[in-house]
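For the sequence shown, the working numbering gives the first residue as 201, with consecutive numbering after it. Just so you know, even glycine gets a beta-carbon here, dropped at the ideal spot from N, CA and C. Here the structure is laid out as structure tokens; the discussion comes afterwards.
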Amino acid sequence: MKAALLGGSDVMLHRVYSEKNFAALEALFEGEIPVCTDSHDGRLKDAEILFSTWGMPEYTEAEIAEYLPRVKALFYGAGSVQKFARPFLNRGVRLFSAWRANGLAVAQYTYAQILLALKGYFPVQRRMSESRAAAAELGRNYPGAYDVKVGLLGCGAIGSLVAEQLKQADAEVLVFDPFLPDARAEALHVRKTTMEEIFESCDVVSNHLANLPTTVGIIRRAHLLSMKPYSTFINTGRGAQLDEKDLYDMLTRDETRTALLDVLTDERHTDENPLAKLTNCFITPHIAGALGLEVRRMGRYMIEAFEQYRDGQPTDCEVSLKMLETMA
Numbered sequence: 201m202k203a204a205l206l207g208g209s210d211v212m213l214h215r216v217y218s219e220k221n222f223a224a225l226e227a228l229f230e231g232e233i234p235v236c237t238d239s240h241d242g243r244l245k246d247a248e249i250l251f252s253t254w255g256m257p258e259y260t261e262a263e264i265a266e267y268l269p270r271v272k273a274l275f276y277g278a279g280s281v282q283k284f285a286r287p288f289l290n291r292g293v294r295l296f297s298a299w300r301a302n303g304l305a306v307a308q309y310t311y312a313q314i315l316l317a318l319k320g321y322f323p324v325q326r327r328m329s330e331s332r333a334a335a336a337e338l339g340r341n342y343p344g345a346y347d348v349k350v351g352l353l354g355c356g357a358i359g360s361l362v363a364e365q366l367k368q369a370d371a372e373v374l375v376f377d378p379f380l381p382d383a384r385a386e387a388l389h390v391r392k393t394t395m396e397e398i399f400e401s402c403d404v405v406s407n408h409l410a411n412l413p414t415t416v417g418i419i420r421r422a423h424l425l426s427m428k429p430y431s432t433f434i435n436t437g438r439g440a441q442l443d444e445k446d447l448y449d450m451l452t453r454d455e456t457r458t459a460l461l462d463v464l465t466d467e468r469h470t471d472e473n474p475l476a477k478l479t480n481c482f483i484t485p486h487i488a489g490a491l492g493l494e495v496r497r498m499g500r501y502m503i504e505a506f507e508q509y510r511d512g513q514p515t516d517c518e519v520s521l522k523m524l525e526t527m528a
């Protein structure tokens, strides 16, 4: 079989398929592997296997037939495949994604934030600018990670990983996810419930809902305003899943509440967002996912997936048309 790397940026391709990963690919395919940043590159016509990452070009079914006539499988070393997947799947091309590897980074980030939030770390650290005594007094209002309730909105790939990690904490984990089977909930030691109960009763609420048309605005004003004093809302999902005006009101009506936001509806103009001016809102520039050297894990994950594909073994990262209905 012949392979090619395909993406919009040579730099990004070599970040994910690092020197070590690229050497592993060359050993697997016993020869030179072209690196293509032009979606019409003539070398792609011979490729049966494609490896890609962020910047994967979008093709129509007709363009796949013309420019990628021999492709049998695409291994995507990144997360969501929604933008480009359907034409490939409609043509019978098997598609594999490193969403689980990217999800691991998000889950680790979220778990760390949950533990810190339960300690009140973020507002307490900010209060240290006043005095140590003021910070210590504020810290006594937070429960710590024992006998607490943590709510997860969405229990797909990332939410499930967070739930697995929360087994290490003394917390009752409540989940809102209509697609989560009861048996899976039992295995994760979580309790399925409503969004209303989660927002009203949990010390931390973390959003992991898939980015779909049906989830736009799903977190309503009443949910946010019902949150407890000294509770924390974490969003590593998507900004469009709530109205930021409602979140602003939630944070200003009770300044003991905290928001940790890695996503916004408009991430290009964060400095202009009123939320950025609140002392109880902490915004990060979309760093929850694979960052720095972590992106190499995604390339390695796709290489391992190819080996399983080649050997006729099942993988845990193949994407189907049906899965696109609910996954991010």
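Three-state class that DSSP yields for arginine 457 in the structure shown = Within the sequence shown, numbered from 1, the residue matching residue 457 stands at position 257. Residue state, collapsed to three classes: coil.
What's the C-alpha gap between proline 429 and alanine 307?
-> The residue given as residue 429 occupies position 229 in the sequence shown. The residue given as residue 307 occupies position 107 in the sequence shown. So the alpha carbons of these two residues sit roughly 25 Å apart.
DSSP state of serine 297 mapped onto helix, strand, coil | By one-based count along the sequence shown, residue 297 stands at place 97. If DSSP states are grouped into helix, strand and coil, serine 297 belongs with the strands.
Isoleucine 264 lies in the beta strand (DSSP E); which residues open and close that run?
-> Position 64 of the sequence shown, counted from the start, is the residue given in the question as residue 264. DSSP places isoleucine 264 in no beta strand (DSSP E) but in the uninterrupted alpha helix (DSSP H) bounded by 261–267.
Mind checking arginine 300: buried by the 16 CB within 10 Å criterion, or exposed?
-> Your numbering for residue 300 matches position 100 in the sequence shown. Its Cβ being crowded by 16 or more others within 10 Å, arginine 300 is buried.
Status (buried if at least 16 other CB within 10 Å, exposed otherwise) for valine 404 = As a position in the sequence shown, residue 404 is number 204, starting the count at 1. Using a 10 angstroms sphere on the CB of valine 404, the tally of other CB atoms reaches 16 or more, which defines it as buried.
Could you check what DSSP says for glutamate 232 in three-state terms: helix, strand or coil?
-> Numbered from 1 along the sequence shown, position 32 holds the residue referred to as residue 232. Looking at glutamate 232 - three-state DSSP - the assignment turns out to be coil, as it is neither helix nor strand.
Can you tell which of Leu478, Leu213, Ser218 and Leu464 has its C-alpha closest to the C-alpha of arginine 449?
-> Taking the sequence shown and counting its residues from 1, one reaches residue 449 at position 249. Residue identity check: residue 449 is aspartate in the sequence provided, not arginine. The residue with the shortest Cα to Cα distance from aspartate 449 is Leu478.
Where valine 463 and phenylalanine 482 are concerned, what is the direct C-alpha to C-alpha distance, given to the nearest angstrom?
-> Residue numbering aside, residue 463 sits at position 263 when the sequence shown is read from its first letter. Residue numbering aside, residue 482 sits at position 282 when the sequence shown is read from its first letter. Cα-Cα distance, rounded: 11 Å.
Cβ-based neighbour list, aspartate 347, same chain, cut-off 7 Å, excluding 5 preceding and 5 following = Sequence index remark: in the sequence shown, residue 347 carries index 147 (1-based). Same-chain partners within the cutoff: Asp370.
Might you give, ordered along the chain, the residues of its own chain that have their beta carbon closer than 6 Å to the beta carbon of threonine 456, omitting 5 neighbours on each side?
-> Within the sequence shown, numbered from 1, the residue matching residue 456 stands at position 256. Excluding residues within five positions, the ones whose Cβ falls inside 6 Å are Pro429 and Tyr430.
Can you tell me whether DSSP reads alanine 476 as helix, strand or coil?
-> In the sequence shown, counting from the first residue as 1, residue 476 sits at position 276. Looking at alanine 476 - three-state DSSP - the assignment turns out to be helix.
Evaluate proline 323 with the Cβ neighbour count: other Cβ atoms within 10 Å of its Cβ, from every protein chain shown; 16 or more gives buried, anything less gives exposed.
-> The count along the sequence shown starts at 1 and reaches residue 323 at position 123. Buried, since its Cβ has 16 or more Cβ neighbours within 10 Å.
Test item: CB-CB of phenylalanine 379 and threonine 526 under 8 Å = Mapped onto the sequence shown, residue 379 falls at position 179. Mapped onto the sequence shown, residue 526 falls at position 326. Yes.
To the nearest whole angstrom, what separates the beta carbons of arginine 496 and valine 216, a pair I think is in contact under 8 Å?
-> Residue 496 sits at position 296 when you count from the first residue of the sequence shown. Residue 216 sits at position 16 when you count from the first residue of the sequence shown. Cβ atoms of arginine 496 and valine 216 come within 8 Å of each other, at about 7 Å.
Give, in chain order, every unbroken run of the beta strand (DSSP E) that is at least 3 residues long and sits entirely within the stretch 389–422.
-> Under the rule that a run must span 3 or more residues, the beta strand (DSSP E) segments found entirely inside the stretch 389–422 read 390–392 and 404–407.
For valine 293 and lysine 272, believed in contact at Cβ under 8 Å, the rounded distance = On the sequence shown, residue 272 is found 72 positions in, with the first residue counted as 1. On the sequence shown, residue 293 is found 93 positions in, with the first residue counted as 1. Indeed, because the Cβ distance is near 7 Å, the residues count as touching under 8 Å.
Residue range of the beta strand (DSSP E) that leucine 464 falls in?
-> Working through the sequence shown from its first residue, we reach residue 464 at position 264. Run containing leucine 464: none; DSSP gives neither H nor E here.
Over the uninterrupted beta strand (DSSP E) stretch that includes asparagine 341, give me the two end residues.
-> One-based indexing of the sequence shown puts residue 341 at position 141. It is not in any beta strand (DSSP E) - asparagine 341 carries neither H nor E in the DSSP assignment.
CA-CA distance, arginine 340 and alanine 334?
-> In the sequence shown, residue 340 corresponds to position 140, counting from 1. In the sequence shown, residue 334 corresponds to position 134, counting from 1. So the alpha carbons of these two residues sit roughly 10 Å apart.
Beta strand (DSSP E) segments (min. 3 residues) lying fully within the stretch 351–385 | 370–376
Beta-carbon separation of isoleucine 503 and alanine 204 under 8 Å?
-> Residue numbering aside, residue 503 sits at position 303 when the sequence shown is read from its first letter. Residue numbering aside, residue 204 sits at position 4 when the sequence shown is read from its first letter. Not in contact: isoleucine 503 and alanine 204 (Cβ atoms no closer than 8 Å).
Residue span of the beta strand (DSSP E) that contains leucine 205, given as start and end | For the purposes of this step, residue 205 is taken as residue 5 along the sequence shown, with counting starting at 1. Its beta strand (DSSP E) spans residues 203–206.
Pull up the distance between the alpha-carbon of glutamate 444 and that of valine 390, whole angstroms please.
-> As a first step, residue 444 is located in the sequence shown; it is residue number 244 there, counting from the start. As a first step, residue 390 is located in the sequence shown; it is residue number 190 there, counting from the start. Computed Cα separation, rounded: 28 Å.
Do you know offhand how far phenylalanine 288's Cα is from proline 474's?
-> On the sequence shown, residue 288 is found 88 positions in, with the first residue counted as 1. On the sequence shown, residue 474 is found 274 positions in, with the first residue counted as 1. Approximately 41 Å between the Cα atoms of the pair.
How is alanine 273 classed by DSSP in three states: helix, strand or coil?
-> To locate residue 273, count along the sequence shown from 1; it is residue 73. Correct three-state label for alanine 273: strand.
Glycine 359 beta carbon less than 8 Å from that of histidine 408 | What you label residue 408 is simply residue 208 of the sequence shown in a count that begins at 1. What you label residue 359 is simply residue 159 of the sequence shown in a count that begins at 1. Yes, these two residues count as a Cβ contact at 8 Å.
Measuring CA to CA, which of Arg453, Phe506 and Ser406 is closest to asparagine 435?
-> Counted from its first residue, the sequence shown places residue 435 at position 235. Checking every option, the nearest Cα to that of asparagine 435 belongs to Ser406.
Just how far apart, CA to CA, sit isoleucine 249 and leucine 206?
-> In the sequence shown, residue 249 corresponds to position 49, counting from 1. In the sequence shown, residue 206 corresponds to position 6, counting from 1. Each residue's Cα considered, the two are about 10 Å apart.
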